[in-house]
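Offset between the sequence shown (1-based) and my numbering: plus 189.
All residues carry an ideal CB built from backbone N, CA and C; glycine is no exception.
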Amino acid sequence: FVSSPMDTVTEHKMAIMMALQGGIGIIHSNLKPEDQAAEVRKVKKFKNGFINDPICLSPDDTLEDVMRTKQMLGFSSFPITDTGKMGGRLVGIISNRDTSFID
């Protein structure tokens with residue numbers, strides 16, 4: 190797949206989506222060189238699969254809390270922070286492997 194280098198077609202969002210599908214997005218040239226470079230930088234810095242806003246649990250949460258959160262949100266793993274919130278100190282991770290054998 191190749192996207193057209195037109196100003197109404199390919200900027201960083203389209204180029205990222207094309208790359209995720211195995212294609213290439215050509216950033217259009219109707220921008221100032223600095224703006225073109227900024228668009229390319231956004232594509233190159235894109236981190237696929239990174240979760241910027243994870244649901245965290247605390248060491249005080251019980252297994253029941255973990256199972257309820259998994260069922261409610263559909264996630265299989267959670268970071269455990271000292272505060273139970275994003276930005277707290279990471280103290281562990283609970284994953285599907287930790288809970289898969291529990292009824």
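| Asked | Found |
| --- | --- |
| Three-state secondary structure assigned by DSSP to residue 282 | strand |
| Proximity of residue 216 and residue 208 at Cβ, strictly below 8 Å | no |
| Identity of the residues DSSP links to residue 183 by a beta bridge | Past the boundaries of the shown model lies residue 183; the chain is included only from 190 to 292, so the question cannot be answered. |
| Start and end residues, beta strand (DSSP E) containing residue 269 | 267–270 |
| Beta-bridge partners of residue 214, as assigned by DSSP | 192 |
| Same chain, Cβ closer than 6 Å to residue 195, five either side skipped, listed in chain order | 217 |
| DSSP-derived helix/strand/coil call for residue 220 | coil |
| The region 267–274 in contact with the region 242–256 per 3-pair CB rule at 8 Å | yes |
| Buried versus exposed call for residue 200 [16 or more other C-beta atoms within 10 Å across all chains shown] | buried |
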